Amino acid sequence: MKDISEIRSDFPILGRKVYGKQLVYFDNGATAQKPQRVIDSVDEILTFFNGNIHRGVHYLSDMASESYENARQKVAAFINASGKEEIVFTSGTTGSINTIAFSFGERYIKRGDEIIVSHLEHHANIVPWQMLCERKGAILKVIPMNSNGEIITGEYLKLLSPKTKIVAITQVSNALGTIVPVNEIIEAAHSNNTPVLVDGAQGIQHGIVDVQKMDCDFYVFSGHKIYGPTGIGVLYGKKKWLEELPPYQGGGDMVEKVTFEKTTYNHLPFKFEAGTMNYAGAVGLGAALDYITELGREEIAERERQLLSYATECISGIEGVTIYGNSERKISTISFLIDGIHQYDTGMVLDKLGIAVRTGTHCAQPVMDFFGIDGTVRVSMCFYNTRQEIEALVQGIEKVKSMF
Amino acid sequence: MTISEVQDKIIEEFSFFDDWMDKYNLLIEMGKDLPPIDPKYKVKDYLIEGCQSKVWLRPEYNGNVICFTADSDAIITRGIVSLLIKVLSGHTPQEIITAELYFIDRIGLRQNLSPTRSNGLLSMVRQMKLYAMAYDARQKIN
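Respectively, the protein sequence lines represent chains A and B.
Counting from 3, one number per residue, gives the positions in the first sequence under our numbering.
Counting from 38, one number per residue, gives the positions in the second sequence under our numbering.
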């Protein structure tokens with residue numbers, strides 16, 4: 003693997019100062035920074051190859067279409083999908099989940115059916131299913147969590163029944179960093195003939211994801227959390243599912259033939275890509291995947307394990323700090339509170355020291371309710387972070403303690 | 038003092054500090070000096086929506102001027118709301134409605150004014166002006 007200073011120099015923003023202080027970026031769970039290669043790829047398509055994809059006969063349209071389809075191929079290879087027709091581009095994880103909640107719901111969900119999610123979900127993997135339940139009179143079932151921030155798999159097994167029509171589960175808790183045993187969840191669901199959607203928004207960037215090995219039916223993630231641009235996301239679906247499901251949105255490009263009497267839909271994956279897609283974003287995502295593939299996903303995971311271990315040791319060593327989420331299996335995210343100090347005050351002071359963290363409920367209010375708190379300070383690290391930055395954070399926390 | 042005079046005084050007070058930590062320390066002190074709101078008013082009716090920290094704000098109108106009391110569970114936010122109270126409390130509804138709050142920009146809190154900003158400074162200002170408009174309208178009807 004490249005050494006850390008080389009890696010950091012790939013990300014121009016990491017060199018900047020905020021409020022006159024060296025930036026320490028610990029909000030990677032919200033959005034990750036972009037390597038120059040991603041910035042250049044978006045710049046290049048907009049500067050030299052901009053033309054609407056799939057529609058034109060002209061050179062630019064051809065070039066843009068080719069780049070877009072190359073990006074799809076890269077995504078398919080990255081998650082080991084069995085073909086690129088299983089990769090649908092969307093606006094992000096939220097867009098992907100809404101697509102499935104709608105299309106799957108329209109085809110398969112009836113009154114009294116059950117949908118399983120877990121207590122650890124981001125709101126984006128709760129609300130679309132709740133909306134579906136309201137439309138269809140279905141019931142949302144929730145896998146409970148324990149005080150370590152892990153889901154209780156024994157309870158999950160009890161929830162599975164012939165009424166269960168789909169399980170939607172996060173791969174990693176965004177608020178706490180817990181890695182969920184999705185393989186086990188999927189295996190049990192499949193033996194109940196229930197398909198599983200895995201929310202990979204916080205999982206894909208921290209390790210190797212092989213959708214065939216995982217055997218999930220749907221896998222979704224966002225481009226911007228994996229060092230790509232915003233506004234682009236991925237919906238992977240097993241071909242048999244995507245073929246069976248009705249389209250989500252109607253519009254251009256997703257159709258084969260339109261008459262006022264009847265419209266027939268385009269083949270996969272275009273059936274799910276209505277309107278002009280974010281092709282510049284897709285190309286940027288492709289470049290991001292190239293970048294981390296070259297860096298090495300095993301190496302990234304190892305570096306992040308070391309950062310987590312060091313940060314956990316440092317932060318838990320500070321008097322009066324409580325860490326929420328103490329699972330043995332975590333990504334490099336730490337959620338904490340300082341006794342008697344509001345997370346917002348902590349975040350405001352850290353910000354002015356140049357340290358970017360996230361504060362609040364992290365769009366996971368049920369997790370906060372479980373712990374009986376209003377929110378936490380979340381430090382989400384990734385491979386370009388350093389031990390020195392963790393030490394700066396510790397000094398920042400001490401500074402906060404001295405001020406309040 | 039007029040609303041402008043109070044604003045000028047706050048600007049002067051903050052002008053001694055370049056460092057953000059010193060500004061925050063001043064806000065923290067101001068927050069601590071804010072007279073406490075009666076706990077019975079720390080209820081949903083007085084809670085300002087859209088803040089990452091909780092802010093309770095209660096107006097009291099004596100037919101002439103509005104006095105505000107407030108609290109927050111975050112101390113910096115309490116400091117910010119105490120500034121707003123210093124500036125707007127004790128003035129007539131008309132004065133509050135027409136007040137231009139230039140001090141926010143001048144002391145470097147402008148970034149807190151964006152609508153998406155989680156501390157809801159904008160929500161607080163809007164809520165105070167809404168109360169003033171409501172009292173003003175009621176007065177005109179009467």
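Here a beta-carbon is modelled for each residue, glycine too, at the ideal position from N, C-alpha and C.
Remember, it's a predicted structure, so these values are computed and weren't measured experimentally.
Distance, Cα to Cα, residue i vs residue j?
i, j, result
"T101(A)", "N127(A)", "12 Å"
"N148(A)", "V369(A)", "10 Å"
"L122(A)", "A140(A)", "21 Å"
"V351(A)", "T324(A)", "18 Å"
"S337(A)", "F53(B)", "36 Å"
"A66(A)", "I89(A)", "18 Å"
"G68(B)", "I117(B)", "7 Å"
"V44(A)", "L310(A)", "32 Å"
"R74(A)", "E321(A)", "49 Å"
"R175(B)", "I375(A)", "40 Å"
"L237(A)", "V396(A)", "38 Å"
"E86(B)", "K60(B)", "26 Å"
"E275(A)", "G254(A)", "8 Å"
"W57(B)", "V26(A)", "17 Å"
"K1(A)", "T33(A)", "Outside the modelled stretch of chain A, which goes from 3 to 406, sits residue 1(A), for which no answer is possible."
"I188(A)", "G349(A)", "37 Å"
"V379(A)", "N150(A)", "17 Å"
"F28(A)", "V359(A)", "5 Å"
"F372(A)", "T335(A)", "19 Å"
"S69(A)", "V285(A)", "6 Å"
"Q390(A)", "A313(A)", "10 Å"
"K77(B)", "V213(A)", "55 Å"
"K264(A)", "K165(A)", "34 Å"
Is the beta carbon of residue i sitting closer than 8 Å to the one on residue j?
i, j, result
"G239(A)", "F220(A)", "yes"
"L247(A)", "F91(A)", "no"
"Y229(A)", "K76(A)", "no"
"Y293(A)", "V40(A)", "yes"
"Q207(A)", "C384(A)", "yes"
"M405(A)", "I141(B)", "no"
"A366(A)", "N54(A)", "no"
"I81(A)", "V211(A)", "yes"
"L121(B)", "V162(B)", "yes"
"A111(B)", "D347(A)", "yes"
"G235(A)", "G225(A)", "yes"
The beta strand (DSSP E) spanning residue i covers which residue range?
i, result
"R307(A)", "First-last for R307(A): 299 to 318, but that is the alpha helix (DSSP H), not the beta strand (DSSP E)."
"D341(A)", "Careful: D341(A) lies outside any beta strand (DSSP E) and carries neither H nor E."
"V182(A)", "Note, V182(A): premise wrong, no beta strand (DSSP E); not H, not E."
"D70(B)", "Note, D70(B): premise wrong, no beta strand (DSSP E); alpha helix (DSSP H) at 57 to 70."
"I117(B)", "From DSSP, I117(B) is part of no beta strand (DSSP E) but of the alpha helix (DSSP H) over 112 to 125."
"F373(A)", "Per DSSP, F373(A) belongs to no beta strand (DSSP E); it is in the alpha helix (DSSP H), 367 to 373."
"L142(A)", "141 to 145"
"I118(A)", "116 to 120"
"F91(A)", "89 to 92"
"R360(A)", "360 to 362"
"Y83(B)", "Y83(B) -> no beta strand (DSSP E), and no H or E assigned at all."
"T324(A)", "323 to 326"
Residue i lies in the alpha helix (DSSP H); which residues open and close that run?
i, result
"S41(B)", "40 to 52"
"A103(A)", "95 to 110"
"S43(A)", "38 to 50"
"V162(B)", "158 to 178"
"L62(A)", "61 to 81"
"L134(A)", "129 to 138"
"D142(B)", "140 to 143"
"A126(A)", "A126(A) -> no alpha helix (DSSP H), and no H or E assigned at all."
"R147(B)", "Neither: R147(B) is in no alpha helix (DSSP H) and is coded neither H nor E."
From the DSSP output, read off the bridge partner residues of residue i.
i, result
"P96(B)", "F105(B)"
"H226(A)", "DSSP lists no partner for H226(A)."
"V257(A)", "Y267(A)"
"V381(A)", "I336(A)"
"V237(A)", "The sequence given here places Leu at residue 237(A); Val does not occur at that position. Answer is V90(A), V222(A), bridged to L237(A)."
"H192(A)", "Looking at the DSSP assignment, H192(A) forms no beta bridge with any residue, so it has no partner."
"Q24(A)", "K19(A)"
"I357(A)", "V26(A)"
"A170(A)", "L199(A)"
"I153(A)", "M147(A)"
"H208(A)", "For H208(A), which the question treats as bridged, DSSP gives no partner whatsoever."
"H128(B)", "I103(B)"
For the ligand GDP, any of its heavy atoms closer than 7 Å to the Cβ of residue i?
i, result
"K86(A)", "As presented, the structure is devoid of all ligands, the ligand GDP included, so that no description of it is given."
Just checking my contact of residue i with residue j at CB under 8 Å: how many whole Å lie between their CB atoms?
i, j, result
"S90(B)", "T114(B)", "5 Å"
"D12(A)", "I99(A)", "31 Å between Cβ atoms; not a contact."
"P130(B)", "D82(B)", "Not a contact, Cβ separation roughly 20 Å."
"E116(A)", "K167(A)", "7 Å"
"Q204(A)", "G31(A)", "6 Å"
"G377(A)", "L178(A)", "About 12 Å; that fails the 8 Å criterion."
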